[in-house]
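**Student:** Please read through the structure below; I'll follow up with questions.
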Amino acid sequence: MLAGRLTISTREFAVREVPVPVPGPGEVRVAVGAAGVCLSDVHLIEGILVPQYLEGDEVTLGHEVAGTVESLGEGVTGVEVGTRVIVQAGKDLPNGRVLTMGVDYDGGWAEYVVAAASAVVAIPDDMPFEQAAIIPDAVSTPWAAISWTGEVKAAESVGVWGVGGLGAHGVQLLRMMGASPIIAIDPLEEARERALRFGADLALDPTNPDFSKHIRAATGGAGLNVAFDFAGVDAVRKQAINSLGLAGRLVIVGMSGTPITIDNSTNFAYLRKQIRGHYGSEPAHVAELVELARAGRIEFSRSVSGIIPLAEAASAIAQLELKEGNPIRLVLVP
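Residue numbers (full-length UniProt numbering): 1 to 334.
Shown next, in the form of structure tokens:
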């Protein structure tokens, strides 16, 4: 089968032929219907994100996957061949380690992927694979960051820095939860316009000389309750910290690999500001999103910016890295 493989030591990526994986006990093999292309995949290729538990030097990328259960390993019950599913993006080990699919073990940029039977979540028959595939991470990561790490409550003021693949969904989910006002911050005009379409109350250019004044005006002078860094840019964190009000919390989702600097630690402590790190999501978050989608509370048709053949995965990576067309999510199909 074809698979998009990354050699960690050389950072070389190529789509090439590999053996079809065989499901072991308690596992299922899924025929991939679609797989999302995430900035984390770019970070892996660049070396910003490094696998912690990968066995060997190569891995098939892809942690956003939907498809059809094609075969069952020994002892699998409760899952049927032919079921349309999302594949959870990670798995827990008995020793407390958490492995990420497409990072620490082979992912879904392939024609088939093997996963634990407990890691698949059934999806409605009318949910397209390209929309379902992006739920693990592109939607579940901001959902978990908002509802779990950020603990956002209705009527809290929230700033969203970076309205790309994660931030665009963050705005949509915050709107559903009743956050107010929702302020989107992005240097790209197209991204700001998209944020307003997705439910932001205000969209700001971070380079605007009156940026702080706009934040104070929008929050009645109080500052933000919660700020989300979905961009992974150092300047964002400085601006976000300065925009927080009393007991405001900054949730860091985007990765930069560089130190976090607090300009005024006395002010930071006096106002009891907080910085919280966030990574990924838990299985329950994916299941919650599937139910919300099933109920019609959220939908992702606007989120798929392009569908690209798996064989052309390298071009999808370049398009995302260069932000060509300012995509929310690009999706690969075998």
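All residues carry an ideal CB built from backbone N, CA and C; glycine is no exception.
Rounded to whole angstroms, what is the Cα-Cα separation between Val253 and Ile215?
**Tutor:** Here the question's residue 253 lines up with position 253 in the sequence shown. Here the question's residue 215 lines up with position 215 in the sequence shown. The straight-line gap from Cα to Cα measures roughly 21 Å.
**Student:** Between which residues of its own chain and Ala200 is the CB-CB distance below 6 Å, once the five residues before and five after are set aside?
**Tutor:** One-based indexing of the sequence shown puts residue 200 at position 200. Counting only Cβ-Cβ distances below 6 Å, and skipping sequence neighbours, we find Val171, Ile182, Ala184.
**Student:** Grab me the residues of Phe268's own chain with a C-beta within less than 6 Å of its C-beta, minus the 5 sequence neighbours each way, in chain order.
**Tutor:** For this step, residue 268 is matched to residue 268 along the sequence shown. Within the same chain, Phe268 has close Cβ partners Ile262.
**Student:** Does Val87 pass the burial test, meaning 16 or more other C-beta atoms within 10 Å, or should it be called exposed?
**Tutor:** Position 87 of the sequence shown, counting from 1, holds the residue named residue 87. With 16 or more Cβ atoms within 10 Å of its Cβ, Val87 is classed as buried.
**Student:** Curious, which full-length beta strand (DSSP E) runs of at least 3 residues does the stretch 173-250 contain?
**Tutor:** Inside the stretch 173-250, DSSP marks whole beta strand (DSSP E) runs of 3 or more residues at positions 182-185, 202-204, 224-229, from first to last along the chain.
**Student:** Considering only the alpha carbon of each residue, which of Arg16, Glu27, Ile8, Ile45 lies closest to Ala318?
**Tutor:** Within the sequence shown, numbered from 1, the residue matching residue 318 stands at position 318. Selected option, being the one with the closest Cα: Ile45.
**Student:** With distances taken between CB atoms, is the gap from Val331 to Ala34 smaller than 8 Å?
**Tutor:** If you number the sequence shown from 1, residue 331 lands on position 331. If you number the sequence shown from 1, residue 34 lands on position 34. Yes, the pair counts as a contact, with Cβ atoms nearer than the cut-off.
**Student:** Using a beta-carbon distance below 8 Å, is Lys91 in contact with chain E?
**Tutor:** The structure shown contains no chain E; it holds only a single protein chain.
**Student:** Mind checking Ala133: buried by the 16 CB within 10 Å criterion, or exposed?
**Tutor:** Residue mapping note: residue 133 aligns to position 133 of the sequence shown, counting from 1. Buried: at least 16 other Cβ atoms inside 10 Å.
**Student:** Since Ala14 sits in a beta bridge, which residues does DSSP pair it with?
**Tutor:** In the sequence shown, the residue the question calls residue 14 occupies position 14. In DSSP, Ala14 forms a bridge with Arg5.
**Student:** Which residues mark the beginning and the end of the alpha helix (DSSP H) in which Val290 is found?
**Tutor:** For the purposes of this step, residue 290 is taken as the residue at position 290 of the sequence shown. Its alpha helix (DSSP H) spans residues 283-294.
**Student:** Return the first residue and the last residue of the alpha helix (DSSP H) that Glu46 is part of.
**Tutor:** Here residue 46 corresponds to residue number 46 of the sequence shown, with the count starting at 1. Segment 39-46, the alpha helix (DSSP H) holding Glu46.
**Student:** Run the CB neighbour count on Ser303, radius 10 Å, all protein chains shown included, and call it buried at 16 or more, exposed below.
**Tutor:** Within the sequence shown, the letter at position 303 stands for residue 303. The residue is buried, with at least 16 neighbouring Cβ atoms inside 10 Å.
**Student:** Classify Val334: buried if its beta carbon has 16 or more other beta carbons within 10 angstroms, exposed otherwise.
**Tutor:** By one-based count along the sequence shown, residue 334 stands at place 334. Reading off the sequence shown, one finds Pro at residue 334, where the question assumed Val. So Pro334 ends up on the buried side.
**Student:** How should Lys213 be labelled, buried or exposed, when 16 other C-beta atoms within 10 angstroms of its C-beta is the threshold for buried?
**Tutor:** Translated into positions along the sequence shown, residue 213 becomes position 213. Exposed.
**Student:** What are the boundary residues of the alpha helix (DSSP H) that includes Ser147?
**Tutor:** Here residue 147 refers to the residue found at position 147 of the sequence shown. From DSSP, Ser147 is part of no alpha helix (DSSP H); its letter is neither H nor E.
**Student:** List the DSSP bridge partners of Glu58.
**Tutor:** Taking the sequence shown and counting its residues from 1, one reaches residue 58 at position 58. BP columns for Glu58 point to Thr7.
**Student:** Could you compute how far the alpha carbon of Leu188 sits from the alpha carbon of Gly82?
**Tutor:** Here residue 188 corresponds to residue number 188 of the sequence shown, with the count starting at 1. Here residue 82 corresponds to residue number 82 of the sequence shown, with the count starting at 1. Those two C-alpha atoms are separated by around 43 Å.
**Student:** May I ask you to verify whether the stretch 94-102 touches the stretch 156-167, counting CB pairs closer than 8 Å and requiring at least 3?
**Tutor:** no
**Student:** Among Val113, Asp104, Arg294, which one has its Cα closest to the Cα of Glu70?
**Tutor:** Counted from its first residue, the sequence shown places residue 70 at position 70. Nearest option by C-alpha distance: Val113.
**Student:** Taking C-alpha atoms, which residue in Arg192, Ser9, Ala218, Ala217 lies nearest to Thr207?
**Tutor:** As a first step, residue 207 is located in the sequence shown; it is residue number 207 there, counting from the start. That would be Arg192, whose Cα lies nearest to the Cα of Thr207.
**Student:** Take every Cβ of the stretch 102-116, pair it with every Cβ of the stretch 35-55, and state whether three or more of those distances are shorter than 8 Å.
**Tutor:** yes
**Student:** Short of 6 Å in beta carbon distance, which residues of its chain neighbour Gly257, apart from the five on each side in sequence? Order them along the chain.
**Tutor:** Here residue 257 corresponds to residue number 257 of the sequence shown, with the count starting at 1. Take Gly257, set aside five residues on each side of it, and the residues of its chain with a beta-carbon closer than 6 Å to its own are Ile48, in chain order.
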